[in-house]
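Data first, discussion second: the structure below is written as structure tokens.
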Amino acid sequence: MSTQDASPLDSIGEYLSSRVALYAVLLFGVVFYLVPVEAAVMTMFKTDAFVNTQPYLPPAPSQFSLDSTMTAIDTIAPGIWNSILMAVPATVLSALFGSLAAYGLTTIDWRGQVGVVVLIIAGIFIPYQAVLVPISTFWYQIVPDFAEFFVGPVLSGWEYPVGNGGLQLAQLTITHVAYGIPICTLLFRGYYQAISDEMIEAARLDGASAFSIYKNIIFPLSYPMFAVTLIYQFTQVYNDLLFALVLLNDPNTQVATQRLVRLTGGVQQDFTLTMAGAIVAAFPTLIVYIFFGDQFAKGVAS
Amino acid sequence: MREILNRLTSAGGRLRSAVERDESDGKQVATDGGTAVKEGRQETLRNRLPVQWELIESSPFWLPPLFLAGLFVYGAIFWNFIISLTDWGGLGDADYSQLDFSMYTRMAGDPTFWQATQNTLVLLVVFTLFCLAMGLLIAILIDQKIRFENTFRTIYLLPMSLSFVVTATLWAWMYNASNGVLNNFLRVLNLEGLIITLLKPAAVQATTIQWLSWSTTALGAVIFALLWQFSGYAMVVFLAGLRAIPDEHYEAARVDGASTVRMYMRVIIPQLRAPAVSASVVLMVFALKAFDFIFALRGDQPGANIDILATMMYREAFTGGNEWAYGSAIAIVLFVLALLVIAPYLYSEYQRGEL
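Chains E and A supply the protein sequences, listed in that same order.
Remember, this note's numbering sits 2 above the position in the first sequence when you count from 1.
Remember, this note's numbering sits 41 above the position in the second sequence when you count from 1.
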């Protein structure tokens, strides 16, 4: 040992002090990551008059108020419902498409498939601004024109309900499915590359079709990866603001992020209300995170 | 129709079984004759097929997703580029008969555009580097066989689950000039005056620190809030990388008498190149997409201090004056920036056989 001349007690002391420093730094990290959330929670339960008194301290009993929280729930909750209505099908469909694409591009080998993989995967990195104008033109002009041309003559007198909020929500869902496919494909492809070929080869020699191999072997094997992908993709879709801003203009179908922006965007900043709004809007993803934190971490890391 | 399909599938099946029979023949040949014969036979039979059977067999699985994603990604970007060559104002139909680069020349002469580009690049580089450094540091600390590792990790990653909009709302409260959390804290420590003298831009009269509107602090404040949100992500990626390094490397460094710092600098960190590259690509993509954050932080006002290309594009195309063609041109610049970030990454992944 190189530290033979030092007494054992010294090295224990050194070890202890380094451990204490280590935990001190880690706890400082905890404070850093939790303070904004903590300050928001403290503020949302105060009356407006007491916002100024040290925002990170809990409200004294006389300052405690649920008014802002209730207002925030009233304002944001319909948006949360719209968000979930849109995010759940978008998440499930993009995960399913991703899994199918990854199966076709990983388990079945053919020359040149890497080209297709790159074509799909590159979609992860597209800045959404680069597709915003075409996407809005597509949903607001092309699709209605198309529907009028083909469906219009059949149902004369029936108008394509562009202004219908539910339809806009469906359009937003389809958009999110399309842009979710690349990341889902990447996640599933990494997973399928690790699956051993022997079982699949055996099934193939038994004459199983590609689809029955997917249905009976690959799909059941993918449950853990579906969990990861669904959690990751749900937070992504639920948290999006940009597409919703462009594709939803009906106040009834605005999603949670949109309603929160409207709440914070006012001229007069009401911080008890905006903090309550932020916590309420974050609630669904926080719930997902609290219950599936480890899977979320796995999804993020992969 | 059905009959044709049936015939096609049975023909495919026959082709497949022919290939399989041939492959099993090949194996038998290989056992007594060597590999060259086997590979040779397979190749000739494959070459006789006009299209690989595997391509046809797998296409129902990947073709619909490729079509949907491709239409929305490549189709939309190509169309966006065409729109950027028009002078479409958003109303009525675009006039595609006269295409020119006038929007791009207009952009080159627009000081707002150059400011936004500069801010985008600063955000991209500074945020990514700081985020990597911070994530690496926390990952190393967490990797010291500590207690409650899961709890620490969960807390550090928590902001990542929040939306940009929620983060922006929280940090608007942190940075609020008159009674926000940060200024309140600095006031308690008696540091407010010192920071005002140090950071206040020359022309401004102020008694409180206005983090988000001072030219000296605005971009830094945005970057700091984004660090709060995404350093946990960098940590998770680096932690996975650290766990992949075999224990012997640590042991070897210890036996050689290297100090902990030297061990990490010389032995461990150099092995984290792959996680660093993949984390920085994702972080840069987040930075390019930081639109939601700045939009929620500041509303739709043009403010040169924290205007990035993404917010400028949205303002020009959707709220400012419905300048769809101009917005599309800015979007193309943003897309090219993203391409410069990801193309080398995708290429190196391809070279390493990771894709």
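We put the CB at the ideal spot given by N, CA and C, even for glycine.
Distance between residue j and residue i (C-alpha atoms, nearest Å)
i, j, result
"V163/A", "L262/E", "28 Å"
"I233/E", "F294/E", "8 Å"
"P38/A", "G111/A", "Any property of residue 38/A remains undetermined from this structure, which presents chain A solely from 42 to 396."
"G234/A", "S13/E", "44 Å"
"L275/E", "W83/E", "20 Å"
"P63/E", "Y225/E", "48 Å"
"D66/A", "L207/E", "Annotation note: pLDDT 44 at D66/A (below 50); position unreliable, no value reported."
"V302/A", "L28/E", "18 Å"
"F245/E", "L134/E", "8 Å"
"G394/A", "L95/E", "29 Å"
"L247/E", "P286/E", "20 Å"
"N363/A", "L36/E", "41 Å"
"Q297/E", "S272/A", "18 Å"
"I373/A", "A149/A", "13 Å"
"M72/E", "R21/E", "45 Å"
"A351/A", "F376/A", "10 Å"
"K300/E", "V326/A", "19 Å"
"P385/A", "S321/A", "12 Å"
"L165/A", "L329/A", "7 Å"
"V229/A", "P61/E", "18 Å"
"E357/A", "L387/A", "31 Å"
Closer than 8 Å at the beta carbon, the chain A residues around residue i
i, result
"L174/E", "Simply none; closest approach about 12 Å."
"M277/E", "T210, L211 and W214"
"G100/E", "P106"
"P146/E", "The contacting residues do not exist; P146/E stays about 13 Å from chain A at best."
"I137/E", "F113 and A117"
DSSP state of residue i mapped onto helix, strand, coil
i, result
"G217/E", "Per the sequence shown, residue 217/E should be read as Lys rather than Gly. Helix at K217/E."
"K48/E", "strand"
"F66/E", "strand"
"S300/A", "coil"
"S100/A", "helix"
"G394/A", "coil"
"A212/E", "helix"
"E357/A", "helix"
"T146/A", "helix"
"R113/E", "coil"
"L126/A", "coil"
"I289/E", "helix"
"Q185/A", "coil"
"D242/E", "coil"
"L230/A", "coil"
"S198/E", "coil"
"Y274/A", "helix"
"S321/A", "helix"
"W252/A", "coil"
"A278/E", "helix"
Residue i: contacting residues in chain A (beta-carbon distance under 9 Å)
i, result
"R264/E", "In chain order: nothing, as chain A lies at least about 10 Å away."
"F273/E", "A213, W214, N217, N220 and G221"
"V43/E", "Chain A residues near V43/E: none, gap ~10 Å exceeds 9 Å."
"L18/E", "In chain order: nothing, as chain A lies at least about 14 Å away."
"L288/E", "L199, S202 and L203"
Residues that residue i contacts on chain A, provided the C-beta gap is smaller than 7 Å
i, result
"D111/E", "E95"
"P184/E", "A110"
Chain E residues whose Cβ lies nearer than 8 Å to that of residue i
i, result
"I373/A", "A132"
"N363/A", "Within 8 Å Cβ-Cβ: nothing; N363/A doesn't reach chain E, min ~10 Å."
"R194/A", "A299"
"W269/A", "F34, Y35 and P38"
Per-residue contacts from residue i into chain E (C-beta, under 9 Å)
i, result
"E98/A", "G106, I110, W112, S211 and A212"
"G261/A", "The premise fails here: G261/A is roughly 16 Å from chain E at the closest Cβ pair, so nothing lies under 9 Å."
"F332/A", "P129, Y130, Q131, L243 and L244"
Contacts of residue i in chain E (Cβ-Cβ under 7 Å)
i, result
"P200/A", "Y35"
"M354/A", "Q131"
"L329/A", "P129"
"F265/A", "Simply none; closest approach about 11 Å."
Using a Cβ cut-off of 8 Å, which residues of the stretch 120-132 of chain E contact any Cβ in chain A, in chain order? V120, L121, I122, I123, A124, G125, I126, F127, I128, P129, Y130, Q131 and A132
Using a Cβ-Cβ cutoff of 9 Å, what residues of the stretch 202-227 of chain A are near chain E? List them in chain order. S202, L203, S204, F205, V206, V207, T208, A209, T210, L211, W212, A213, W214, M215, N217, S219, N220, G221, V222, N225 and F226
Of the residues that make up the stretch 56-89 of chain E, which ones have a beta carbon closer than 7 Å to any beta carbon in chain A? Q56, P57 and Y58
Listed in chain order, which residues of the stretch 194-217 of chain E have Cβ atoms closer than 8 Å to some Cβ of chain A? L207, A212, F213 and Y216
Against chain A, which members of the stretch 233-260 of chain E pass a CB distance test of less than 8 Å? T237, Y240, N241, D242, L243, L244, L247, V248 and T259
Taking a cut of 8 Å between CB atoms, which residues from the stretch 108-132 of chain A lie near chain E? L109, A110, G111, L112, F113, V114, Y115, G116, A117, I118, W120, N121 and I124
Residues in the stretch 167-191 of chain A with C-beta within 8 Å of chain E's C-beta atoms, listed in sequence order? I179, L182, I183, Q185, I187 and N191
Taking beta-carbon pairs under 7 Å, can you tell me which members of the stretch 294-316 of chain A lie near chain E? G298
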